[in-house]
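Residue numbers (UniProt numbering): 1 to 231. Every residue gets a Cβ at the ideal spot worked out from N, C-alpha and C, and that includes glycine. Everything numeric in this text was worked out from a predicted model, so none of it was measured.
This is the structure we're talking about:
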């Protein structure tokens with residue numbers, strides 16, 4: 001229980017010392033002269049003078065007591081909240097520049113002259129339109145000449161296309177005729193092959209019949225001779 005009270009007292013003392021040091025740093029960093037001006041002047045040199053030695057020694061002793069932790073005591077500083085960082089110094093306010101001079105308007109008598117320069121007169125517009133019309137007419141005439149020149153070529157191209165179609169038709173007919181002749185030739189060759197086969201078969205049968213007849217004739221002769229010998 002005494003250890004907890006001692007830790008709490010040390011923590012309170014550490015917080016007080018840290019708060020005091022932060023207040024001193026804030027006071028030294030935000031110190032400004034009494035007279036205000038649009039541009040912030042740098043703080044006086046007295047704000048950066050070191051503090052007396054005695055308070056610093058006292059703070060060191062107090063902090064030494066606070067941070068003097070025994071080996072068996074836990075690190076109680078880890079549980080303390082982080083102290084807020086001091087605010088940054090205020091940025092210097094820039095001096096206001098004088099407003100730009102207002103643009104001067106031209107005199108009233110200059111307006112009709114500028115209008116006369118920007119808008120051409122009516123006669124100028126008619127000249128421009130006449131030029132555009134002449135250019136369009138010339139372009140139409142050139143297109144008509146090109147069309148008249150291309151018309152004979154179009155007729156020639158149509159005639160060439162007709163001739164090409166006729167040639168394609170004739171080639172198709174020739175191809176069909178060649179196919180028909182090939183089919184007839186194949187049929188004729190097949191018939192010839194069949195005729196040759198029939199002739200060969202008939203020749204074989206005739207040869208066999210001839211051999212049979214020769215055998216019969218020989219037998220008849222042999223029998224006739226035998227009969228003559230008997231008589």
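Please report the distance separating the alpha-carbon of residue i from that of residue j.
i           : j           : result
residue 183 : residue 176 : 11 Å
residue 164 : residue 180 : 24 Å
residue 7   : residue 27  : 30 Å
residue 143 : residue 178 : 51 Å
residue 140 : residue 158 : 26 Å
residue 132 : residue 172 : 57 Å
residue 146 : residue 160 : 21 Å
residue 155 : residue 169 : 21 Å
residue 229 : residue 216 : 20 Å
residue 188 : residue 174 : 21 Å
residue 25  : residue 9   : 24 Å
residue 125 : residue 162 : 54 Å
residue 235 : residue 190 : Because the chain is modelled from 1 through 231, residue 235 falls outside the range shown and cannot be assessed.
Within the same chain, show all residues whose beta-carbon is closer than 6 Å to that of residue i, passing over the 5 residues directly before and after it, in chain order.
i           : result
residue 136 : none
residue 213 : none
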